[in-house]
Each structure stands twice: as C-alpha cells, then as structure tokens.
Amino acid sequence: MLDSKIPSGSIESKWDNRKFENKLVNPANRRKHSVIVVGTGLAGGAAAASLAEMGYNVKVFTYHESPRRAHSIAAQGGINAAKSYQNDGDSVKRLFYDTIKGGDFRAREANVYRLAQVSLNIIDQCVAQGVPFAREYGGTLSNRSFGGAQVSRTFYARGQTGQQLLLGAYSALMRQVGEKAIELFPRHEMLDLVVVDGKARGIITRDLVSGEISSYSADAVILATGGYGNVFYLSTNAKASNCTAAWRAYKRGAYMANPCYTQIHPTCIPVSGEHQSKLTLMSESLRNDGRVWVPKKQGDTRRPNEIPEDERDYFLERIYPAFGNLVPRDVASRAAKRMCDEGKGVGESKLAVYLDFKTAIERLGEKEVSEKYGNLFQMYDKITDENPYKIPMRIYPAVHYVMGGLWVDYNLMSNIPGLFVLGEANFSDHGANRLGASALMQGLADGYFIAPYSIGNYIGGEKLPKLDTSHDVFKATRNDVDLRIQKMMSNKGNQSADALHRKLGKIMWDKCGMSRDEAGLKQGISDIKNTREEFWNVLKVPGNSKDLNSELEKAGRVADFMELAELMCVDALERKESCGGHFREEMQTPEGETLRDDKNFSHVAAWEFTGGNPKLHKEPLQFDVVHQAQRNYK
Amino acid sequence: MKLNLKIWRQKGPNDSGKLVDYPVDDVSPDMSFLEMLDILNLKLVHDGVEAIEFDHDCREGICGSCSLNINGNPHGPDTGTATCQLHMRRFKDGDTIVVEPWRAKAFPIIKDLTTDRKAFDRIIAAGGFVSVNTGNAVEANAILIPKHNSEKAMDAAACIGCGACVASCKNSSAMLFVSAKVAHLAYLPQGNPERKMRVRNMVAQMDEEGFGSCSNTGACEAACPKEIKLENIAMLNREMLKALCD
C-alpha cells in the first residue's frame, strides 16, 4: 500500500504540522552528511543551493556544460503566486482551488495547498536575489493573467521569466560552488541509481567529455531531471531533455506515476516540414491580448486579413464566454484540434488556428504590445518569416510538459527511501493538467522550500552507515552501465538514434497524443514494440565511448524512451476515463469535454517495474476541501 | 538548395584540426541552421563517419548553448540572432559556408565545434550573485524599484552567456559578459551591499581566466544575440573606478 504520508490537521495547518514533526540535523552535524543532486534547473539548482547554505555536503551533476543551460531557462510567461497584490480576490485558498480544478481533480489536495502557501515565499526569495520582475511606475511588482484563473497572479520578467528565475537559482548555486560548499560536475550524465539495502545511496555517471564511468555515494539522492516530453520527438522541450535518470530509477524499483498525463500546449508554432527538430512555444501570456479564431467556412483559402469580422469564429470566446481565450491549456488545445478536424484549420498544413493581435494593437498601440510581447513576436517572425504585427500568428498544439513522473509522497520522497524527486520529474502537484505559470512555481517550491525540510527529516531519522563506492552493489550497478554502453557501441546497424526517435515520436503523437482510444493505444503498444526491435537492429553509434560522442548520448536516451513509451500507453489504456490532458475518445460529454469517472479512477496510478508486465499500485485521492465537480469554464 | 559546407573538425584539445568539405543538397530554406547540420549528421552516421559535435539544446535562442562562427561571424550573419534561430533562407543556392568553433584562449576546444566555456561559470561564482540565503528574504513589495531601473536591469540580465562577445573580440575580452551581470545587479537596490566587492572579484576572475582587455571596438555588441549594449561596459568601468577609490 502506498503511503502518501500526508500530515494530520486541517488543510491550512498540515505543512506547519509536518515542519514541526520533522526531525532536524544540527548545523555541526550537517557537514558530515552528503547529498547528490542530479539536474540544475529550477528545482535542482534551488535545492542544491539551499542545502549547501544549510551546511550539507552537496554534489551536483548536470549533463549540460553549465548549470545555467537547464531547460527551465526557456519558460516564457511567468510564475504564479497568491500575493493578491491586485486586490482582485486572490488568496492561498483560491490558488489552491484553481490548481486542483485545473488539474481536473487528479492531484493531492495537501500537496497543492502547500504549493499555494509557499508561492508567497518564492516571489520574496527571487526578488531578494535580484530577479528583475516587471514593475509598475510606483516601483511595485506587476502581474498578468494566465489560463484557468480569473485573477491576475502571474509575476513575469518580459517573456523570459524562466530565464531570470533560473539565473537567480544558478547565481545562488554558483555562490556555493565558489565557497566550495558544492562540488559541481558539469557534462556528467547520470546513467544509473545505486540502491543499497533498499535505500538510494548513490549514482553512476558518465563524464561526457572523457567517457569515464564513475560511482558516487551519498546519504540521499535528489533527482530533479525534468520531464520526458521528448518521447514524442517533436515537443517544446530542449533537444537533450530525456527520461533516462527517472527511467533508471524506475528500473531500480521507484514507481512511475500517471505516465500518460501529458500536457499539449495550445500555442506553438506549427510544424513546417519533415526536417523539423523541435517545436517552439509561443507563451500562454499571449492569450491575454491575442484572440484565437478560425474562418467560419470550411476550407476557406483567403488570407486572414481578407476574411471579414463576421466570417470569423472566435471559438474560445464563443464556447467559453466566462474564461474566453484564457481557458486552461487542455481545453484550448482540444478546441483548436476540433476546429481543424472540422476542416476549418488554416495555413498550408491546415493544422493551425489564428492568434490575432489586431484588437490589442488597436486598443493599446503597437508600442505597448511590443513592450509586453516584443521578444515573442520577434521569435515568431524569425521562424516563420511573417510579421505578427501585420498578419495573425498561426498556432497549433504541441507537447510541452508531462504531469506524470516518479511517484513521491508528501515529503517528495519516492517509494525508495532516500530517493527524492523534485520538479517536473515527479508527478505530484498538477494532477491531469498543469495550469500556465505553475511549473516554475512548483520547481522552486520543491527546491527552495520543501526539499531542505524533507532531507533534514530523512537524514535526521535514518541510520545511514558510511558507504564506499567499492561496495558490491556499486560495482554491479556500474557493470550494468558498462554493458549497456558496450551493447550500443557494438550494434551493427547504419542509422542514427535520431531516425528511430522520430519514428517513435510519430507513433506516440498519433496513438497517445491529444486524444486516445482503446484500439489506437493497443495498436500503439504493438507499434512501439516493433520500433524498439527495429532500433536494436539498425542502431549505429560511430566513434568510441571514451570521447565526446553525442550519438552515444542520444542512443542511450532513445533506448529508454522506447521503453517508457510503452508504459505511457499501458497507463493510458488502463485509465478508462477522460481527465485533463488525458482524453479518451470513449469518455466525453455531448459537447466534447472530458468526462471523468470518479468512482473508478479517482486515484494515482503508480507503476512498478517487474521485468514483465508492470504492476499497478493505486493511491486513492481524497477530496475533503474541494468538491469534485465537472470542470466548467463556460 | 545546394551548399558547400566547410566545417572545422578537431578530434580533441591536442589535435591541430582542419576544415573539411561537406557538400549538401536538398537543403530547405525553412530549415534552421542546426537542422541542416542534423541532416548532415544523419547522413554521416549512415556512412559510418563520426558525427560533427556542436553544442545546442533549447533551439529557441535562450539557453546559450549554441555557438558557431559562421563565415567568420559569431552566430552567423543576422543581428540579434543566435545560431539556433538562424534559418537557411538567409543563404543562397550554391553558397559556400565556413563553420568554425569559438576561437578564444579562455574557451579551449573540446572537439569539433564544441568549446569549454566554464570560465564564465567561474566568473559568476566569483561575485555574480546577491548573497541571500533561502529564507532570508523580505516581503517582495517592501523593495520598491523604479520601473526605469528595473527595465535597465532586465536589459542587462537578458545575457544568455553564449560567449559570442568573446568570440567576436580581437582581444577575446569578456567585458560585455561581465558588465552585463555587474550592471544588472548595480541597477537594483538588492545588489548594493556587495557592489564594490562584486565588481572587483568578477574582474579579477576574468583576468585570471585569460580573457583579453577591452579596447572599445564594439564588435561584442554587434555580435550579441541578445543585443546587450556597450553602455554596460561603461557602467562596469564606473563601478570599478568607484570600487578602487574606496
């Protein structure tokens, strides 16, 4: 039975109670304990800096050349916090409520309430670090609106909020590196987790420059390794984003929770051709001022500016008058897909809808629009060679984020004691759909304000004998890593891992993408198995493993995606309901909205690796504060 | 489009390296420059040749991983554009394109087009931060910052740490990079308590890393994909002077 370790007491007092119950490690003893942090995005960077400040010995690993390159840097729009600076009715409880509802009642209430509580501290911390958030003329902080909320609670730094928050965490991290409190290992990729006597005690890494395989031991291991959206090949994730650290942990016994919950972001630049290597997001903040529309007539080939006002269908405003263009991402994505399925799509591929700023430019003037969104407009122009000040943007949904991830309890510890999972890598706070501007909030909440307490409690409460990497389990795990690398290097094919990755992505998008059904998922599982077999027949990794070899790095990551993809389909098949980003064709309302089955599926699906068919464990979700209702944004 | 690529291949830091010709055809004008290299690498792997190593990640101009001297220009011919945002429509059928890594003593070549830019991290570790431990912060709106200053800070903070400024400079100076961080924090009250120490320590680390001196030619500003302004260097010099007069 999965124990979520939710503290006792009212929802408001749970986090306080947990902090008080937690065991502590006194400052002089902290330096005797070591923590490994894998990943240097918002969650990993924040956790590493905070733990080092407290006095722990921290080792930080990243496959990037510098911690500042982590993909948190690409988040554009903003970060939510219940500061209620706008006097518009916001509160901790309302942020909690919006997030639970936005997640389609598939997240843990206690976790989400804590997230809303610490959101206040995050903004304070980031401002203190010098993050240049947008401000009003009086010098106070500015806010904007985001999807799924009727209040303005999003803090932002132009369209580069992720960058500025990450540089804040990075500067805190580098300060500790400078003080020798953190040992930093850039261009090191974690390739396995070492579990000794049932506890996570270390990792095996590959130095990506020298190819050297090394073992590192510690009292606790934190994975903050991001999401696995690249299983779809085309996504808004960075090229190197991968599932390997999480998948290796899964194969060592950590449960993978709700792997089918994928977020398809409504506003991305549409695919332009076969050569495409990734998709580019256009921030959700654009929906504050941009209006989404398609021609009313099917197959209308006129240029957008030639289509008169009364022949345009502003479908989000029409279907969802209360939230309009600011409905949550899953709702907006499905509505856009529905329009294209009905033959009203625009652009050459007909797989796009318009995002139009004409009204905003008339109301605010080009200058103000440019101040708010200038860098995004410029990015769009560079990619498409079209000027969005003159012609409406063309957008289409794309894979952006995964709500699924390694299972963790309230303390962010997985079912393997000593293995903590933070940020997008865990499954905890977003349920079946994440609201815009909540990923940055969760990453920093986990890293700055939750992990430091949980790590103290774990180290303070466990007997952790000193362990050397000469221990047999370290040797055996390292041996497994060596064998995997040898297998890839000696494979006798003639294709790059990229070619097969592209093929896998297409299967996932078609069968386990924006909408899923039983027949498609079953077909998907069979196609994935075939592609996996093909992968091992045709893979070629040139060069050698004792050198910088990006083809080898990719091959290892794609091999893991090939396995994860199947588990995602298995999970999607098992969940015979529609919720948030998981839309089962068989389960929809007459209007085409998600139809949940709370009686049978109000649980977290946590999968255990067995070698054969994965074993399902269910963590029931209880809703004591928010009534589980059909989501309504109309 | 058909293109003749001349790409720098170097096995490792101690290899002398050379330009190798790679003719490519079927290049679509809608491809990004890096997608064009992806396609070339697919072909090389198919032929059993080692893929060309180059740094890249987000491919939307914000992570700062990508580099490349393209026909002698860091990040290619366009202003305010990182290599990953450069599209092939910028080139003509039949063009010859020379692709080389960043060239600077402080950025040693690791392999092919990949360089080691850890020197930038060490400069940040020397002082590019506000010393505020987690939990120490005051209420965010207790610190009022004029919008103008906040915008100026943001302009400087937009630096992505790619190193194009160094690569474009005849002296391989890192002044634009360092000044962007110094200016970002100097515009804000949060940066005030440590401002003198910060500029001294960061400049000392910059010198130690082997970057050259600034001779104000402005090549860095022209090459910067985020259009970080030269006035930051003036600000750094003023900050340095104030710190030295202390």
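Protein sequence lines, in the order shown, are assigned to chains W and U. With our numbering applied, the first sequence closes on residue 634, and no number is skipped along the way. With our numbering applied, the second sequence closes on residue 880, and no number is skipped along the way. Note that CB positions come from ideal geometry on N, CA and C, so glycine has one too.
On the criterion of 16 or more Cβ atoms from any shown chain inside 10 Å, does residue i qualify as buried, or is it exposed?
i: Gly103 of chain W; result: buried
i: Leu422 of chain W; result: buried
i: Phe20 of chain W; result: exposed
i: Lys382 of chain W; result: buried
i: Cys340 of chain W; result: buried
i: Arg318 of chain W; result: exposed
i: Cys858 of chain U; result: buried
i: Leu589 of chain W; result: Reading the sequence as shown, one finds Thr at residue 589 of chain W and not Leu. By the 10 Å Cβ count, Thr589 of chain W comes out exposed.
i: Cys512 of chain W; result: buried
i: Asp468 of chain W; result: exposed
i: Tyr137 of chain W; result: exposed
i: Arg135 of chain W; result: buried
Under 7 Å between beta-carbons, which chain U residues line up against residue i? List them in chain order, please.
i: Glu551 of chain W; result: Val679 and Ala685
i: Pro542 of chain W; result: Val679, Gly682, Val683, Glu684 and Ala685
i: Arg158 of chain W; result: Met788
May I ask you to report which of helix, strand or coil DSSP gives residue i?
i: Met809 of chain U; result: helix
i: Ala685 of chain U; result: coil
i: Val231 of chain W; result: helix
i: Phe185 of chain W; result: strand
i: Val37 of chain W; result: strand
i: Trp247 of chain W; result: helix
i: Phe61 of chain W; result: strand
i: Ile704 of chain U; result: strand
i: Met587 of chain W; result: coil
i: Gln396 of chain W; result: According to the sequence provided, residue 396 of chain W is Tyr. The question's Gln does not apply to it. Here Tyr396 of chain W sits in strand by DSSP.
i: His430 of chain W; result: coil
i: Gly728 of chain U; result: coil
i: Glu608 of chain W; result: strand
i: Leu870 of chain U; result: helix
i: Leu419 of chain W; result: strand
i: His782 of chain U; result: helix
i: Ile528 of chain W; result: helix
i: Trp642 of chain U; result: strand
i: Ala224 of chain W; result: coil
i: Leu539 of chain W; result: strand
Name, please, each residue of chain W whose Cβ falls closer than 7 Å to the Cβ of residue i.
i: Leu819 of chain U; result: Gly130
i: Glu591 of chain U; result: Residue 591 of chain U cannot be examined here, being either before or after the span of chain U that is shown, 635 to 880.
So which residues on chain U does residue i lean against when the C-beta distance must stay under 9 Å?
i: Asp313 of chain W; result: Per Cβ cutoff of 9 Å: no residues; Asp313 of chain W is ~29 Å from chain U at best.
i: Asn494 of chain W; result: Val679, His680, Asp681 and Gly682
i: Met190 of chain W; result: Result: empty, since nearest Cβ-Cβ is about 17 Å, beyond 9 Å.
i: Thr40 of chain W; result: The contacting residues do not exist; Thr40 of chain W stays about 11 Å from chain U at best.
i: Val391 of chain W; result: Per the sequence shown, residue 391 of chain W should be read as Ile rather than Val. Simply none; closest approach about 17 Å.
Looking only at its chain, what residues have a beta carbon closer than 7 Å to the beta carbon of residue i, apart from the 5 residues adjacent to it on each side?
i: Leu616 of chain W; result: Glu574, Ala605 and Trp607
i: Val812 of chain U; result: Ile757, Met836, Val837, Met840 and Leu870
i: Ala759 of chain U; result: none
i: Gln129 of chain W; result: Gly168, Ser171 and Ala172
Near residue i, what residues of its chain come up, given a Cβ to Cβ distance below 6 Å and the 5 sequence neighbours on each side ignored?
i: Phe96 of chain W; result: Val112, Tyr113 and Ala116
i: Pro657 of chain U; result: Asn638
i: Leu223 of chain W; result: Val38, Ala245, Val421 and Ala425
i: Asp207 of chain W; result: His188
i: Trp736 of chain U; result: Ser701, Thr749, Gly797 and Ala801
i: Leu678 of chain U; result: Ala685
i: Ile307 of chain W; result: Pro295
i: Lys830 of chain U; result: Ala877 and Asp880
Cβ closer than 9 Å: which chain W residues qualify as neighbours of residue i?
i: Cys697 of chain U; result: His64, Arg68, Arg69, Ala70, His71, Ile73, Ala74, Gln163 and Ala238
i: Asn675 of chain U; result: Ser496, Asp498, Ser550 and Glu551
Excluding the 5 residues flanking residue i on each side, which residues of the same chain have their C-beta closer than 8 Å to its C-beta?
i: Asn375 of chain W; result: Arg158, Gly159 and Gln160
i: Asn600 of chain W; result: Lys576 and Glu577
i: Asp624 of chain W; result: Ile11 and Glu109
Starting from the beta carbon of residue i, find every residue of chain W whose beta carbon is closer than 8 Å, and list them in chain order.
i: Gly795 of chain U; result: Ser66 and Arg68
i: Leu822 of chain U; result: Gly130 and Pro132
Subject >> Residues within the segment 81-99 of chain W neighbouring chain U, beta-carbon criterion of under 8 Å >> reply: Lys83 and Tyr85
Original post:
Along the segment 230-252 of chain W, what residues have a CB closer than 7 Å to any CB found in chain U?
Top reply: Ala238, Lys239 and Ala240
Subject >> Residues of the segment 764-792 of chain U whose Cβ lies closer than 7 Å to any Cβ of chain W, in chain order >> reply: Val764, Ser765, Val766, Asn767, Thr768, Asn770, Ala771, Val772, Glu773, Ala774, Asn775, Ile777, Leu778, Ile779, Pro780, Lys781, Ser784, Ala787, Met788, Ala791 and Ala792
Subject >> Residues from the segment 138-156 of chain W in contact with chain U, defined by Cβ distance under 9 Å >> reply: Gly138, Gly139, Thr140, Leu141, Ser142 and Phe155
Subject >> Near-chain U residues of the segment 267-282 of chain W (beta-carbon distance less than 8 Å), N- to C-terminal order >> reply: Ser272, Gly273, His275, Gln276, Ser277, Lys278, Thr280 and Leu281
**OP:** Give, in chain order, every residue of the segment 167-182 of chain W whose Cβ lies closer than 8 Å to some Cβ of chain U.
**Re:** Leu167, Tyr170, Ser171, Ala172, Met174, Arg175, Val177 and Gly178
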